[in-house]
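J.: Please see the structure below; I have some questions.
Numbering (this note's numbering), first residue to last: 912 to 1290.
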C-alpha cells in the first residue's frame, strides 16, 4: 500500500511525534521537517526526517518538491510562555515569520490543506468557563500572541487564496504513548505532570505548588489535561475532514473536565506508590484558578472525543517513562482509517544520514536544567 505523504513541521517534538505515529497507522507517510532545536531525532520513526528551519524557504521548497506532500500539519514553534516574555524576538520570528514562510511555500505548490497547532494561550485569562471557541481571545504572553497571529494569518490566506485550514487549540497536553515508544523530552521541563513524576522519582527535589487558597475543589489550580495520543487522533481526524472536502474550522481540544493539582499529586502517588515531595508557594500573578474547555464543537465537527484523558490513564502511561513502575498494558486507541493494514511500520532511512531508525523503547530520560515552573503553563 502506498502511503500518502504529509509534511509535519516540528514532527520530532512531543505532540508532533505522537501524531506521526498515528498518521502512519492511518495510512499516511509523515515527512518530518524539524530543526531539532527542541525535538528529538530518536522520536522520528514512522517516516523520513529532514533537518531544517521553517524560516528557510529554499529548504522548504526542496522538501515539498521532492516529497510532494498532500497537506501540511504545522507544529513547529517555540512554546514556553515564560521564555517568550524574555525573548519575544525569537518567538515572533519563529512562530509568525516561520508560519508565513510555510504558508507561502504551500501556496506556491498548490497545497491547500493546512492543520495548525494553536493553543488555549490565545484566550488569556477567560472571563467565563468553560472556554468556547467564541470566547474572547486576549492572550497575555508573547507566545499566546504569536499563536493568535498565526491563526489570523492562516484565515487571511484561506480567504484570499482558497486554502483550507483546521486550527486546533490545545489545552494541557500530557501523558505518553501507551505502547511505550514515545514520551516527553522537554529540556527544561516545565509541564506539571512530568515534573510531579520527576519529583516522585527523585530527579528533582520537590514539586512547587503555587497557591493553595483558590476558590476550587481543594484550593489548588484546576486545568484541562488531554492525553497526547488523543491530540494525535484529533489531528488525523482534522486531516481526513479537510481531505473529504470539509469546511475550515477552529476548535478547542480538551476534555471539558478540570483536574486540580492536588488530584494529580494523589494520582501519581497512587499509580507509583511513591511519595511526592511538595513545596507550597504563594500564588503567581496571572494564574487563573480554573481553565477548561468546552469540547463540544470538536465533537460536532470532527467526531472527536477524548478517550485516554482520564487522569489515571495519563499518569499510568507517563510514569514508566520516568522509571516509575512497570509498563502497563496499552489502552486501546481508535485510529480513524479504512484499513488496518496501514498499521504496519517501516523504519525509514534518515534523509540526511541514511541511517535506519527503529521506534524508541521506553527509557528513563536524563533531565538537565531541571529548574522550572511547578504549575503547567496555559498552553
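Where a beta carbon is used, it is the ideal one built from N, C-alpha and C, also for glycine.
Going by DSSP, which residues form a beta bridge with residue 984?
T.: Stepping through the chain shown from its first residue, residue 984 is reached at position 73. Answer is 919 and 1026.
J.: What is the rounded straight-line gap between the Cα of residue 1088 and the Cα of residue 1146?
T.: The residue labelled residue 1088 in the question sits at position 177 within the chain shown. The residue labelled residue 1146 in the question sits at position 235 within the chain shown. Straight-line Cα distance between these residues: approximately 15 Å.
J.: By the 10 Å Cβ neighbour count, where 16 or more other Cβ atoms means buried, how is residue 1191 classified, buried or exposed?
T.: The residue labelled residue 1191 in the question sits at position 280 within the chain shown. Residue 1191 should be labelled exposed.
J.: Who are the near neighbours of residue 1149 in its chain, counting only those whose CB is closer than 7 Å to its CB and skipping five residues on each side?
T.: Mapped onto the chain shown, residue 1149 falls at position 238. Cβ within range, chain order: 1026, 1077, 1079 and 1213.
J.: Suppose the cutoff is 6 Å on Cβ atoms and the five residues either side in sequence are ignored; what does the same chain contact list for residue 1263 look like?
T.: On the chain shown, residue 1263 is found 352 positions in, with the first residue counted as 1. Below a pLDDT of 50, predicted positions are generally treated as unreliable, and residue 1263, at 46, falls in that range; no measurement from the model is reported.
J.: Starting from residue 1162 and walking both ways along the beta strand (DSSP E), at which residues does that stretch end?
T.: What you label residue 1162 is simply residue 251 of the chain shown in a count that begins at 1. Taken as a continuous stretch (DSSP letters only), the beta strand (DSSP E) holding residue 1162 covers 1160–1164.
J.: Identify whether residue 1265 lies in helix, strand or coil by the three-state DSSP scheme.
T.: If you number the chain shown from 1, residue 1265 lands on position 354. Any reading at residue 1265 must be qualified, since the residue scores a pLDDT of 34, below 50, and its modelled position is unreliable; no value is offered.
J.: May I ask which residues mark the beginning and end of the alpha helix (DSSP H) holding residue 931?
T.: Taking the first residue of the chain shown as 1, we reach residue 931 at position 20. Its alpha helix (DSSP H) spans residues 925–936.
J.: Does residue 1033 pass the burial test, meaning 16 or more other C-beta atoms within 10 Å, or should it be called exposed?
T.: As a working note, residue 1033 is residue 122 in the chain shown. Under this definition residue 1033 is a buried residue.
J.: Count the CB pairs spanning the region 920–936 and the region 991–999 that are closer than 8 Å, and state whether there are at least three.
T.: no
J.: Cβ atoms of residue 986 and residue 1108: under 8 Å apart, would you say?
T.: Counting from 1 along the chain shown, the entry for residue 1108 is found at position 197. Counting from 1 along the chain shown, the entry for residue 986 is found at position 75. No, these two residues do not count as a Cβ contact at 8 Å.
J.: For a quick check, are the C-beta atoms of residue 1057 and residue 1002 less than 8 Å apart?
T.: Translated into the one-based positions of the chain shown, residue 1057 becomes position 146. Translated into the one-based positions of the chain shown, residue 1002 becomes position 91. The answer is yes: Cβ separation under 8 Å.
J.: DSSP three-state call for residue 1012: helix, strand or coil?
T.: Counting from one through the chain shown, the residue named residue 1012 turns up at place 101. Looking at residue 1012 - three-state DSSP - the assignment turns out to be helix.
J.: Is residue 994 helix, strand or coil by DSSP?
T.: Within the chain shown, numbered from 1, the residue matching residue 994 stands at position 83. The answer is helix: DSSP assigns residue 994 an H, G or I state.
J.: By DSSP, does residue 1077 sit in helix, in strand, or in coil?
T.: As a position in the chain shown, residue 1077 is number 166, starting the count at 1. Three-state DSSP puts residue 1077 in a strand.
J.: Cα separation between residue 1171 and residue 1129?
T.: Translated into the one-based positions of the chain shown, residue 1171 becomes position 260. Translated into the one-based positions of the chain shown, residue 1129 becomes position 218. In this structure, the CA atom of residue 1171 is about 7 Å from the CA atom of residue 1129.
J.: In this structure, does DSSP put residue 1215 in helix, strand or coil?
T.: In the chain shown, residue 1215 corresponds to position 304, counting from 1. In this structure, residue 1215 counts as coil in the three-state DSSP scheme.
J.: Specify, as a first and last residue, the run of the beta strand (DSSP E) that residue 939 falls within.
T.: For this step, residue 939 is matched to residue 28 along the chain shown. Residues 939–945.
J.: Taking DSSP's pairing of strands, which residues face residue 1120 in a bridge?
T.: Counting from 1 along the chain shown, the entry for residue 1120 is found at position 209. Per DSSP, 1191.
J.: Using a 10 Å radius around the Cβ and a threshold of 16 neighbouring Cβ atoms, would you call residue 1106 buried or exposed?
T.: Mapped onto the chain shown, residue 1106 falls at position 195. That one is buried.
J.: My understanding is that residue 1111 touches residue 1185, with C-beta atoms under 8 Å, so please give their C-beta distance in whole angstroms.
T.: Against the chain shown, residue 1111 aligns to sequence position 200. Against the chain shown, residue 1185 aligns to sequence position 274. With a beta-carbon spacing of about 4 Å, residue 1111 and residue 1185 fall inside the 8 Å limit used to define contacts.
J.: So who's on the other strand from residue 1171, going by DSSP bridges?
T.: As a working note, residue 1171 is residue 260 in the chain shown. For residue 1171, the beta-bridge partners assigned by DSSP are 1133.
J.: Who are the Cβ neighbours of residue 1361 in its own chain at under 8 Å, not counting the five residues just before and after it?
T.: Since the first residue of the chain shown is 912 and the last is 1290, residue 1361 is not available in this structure.
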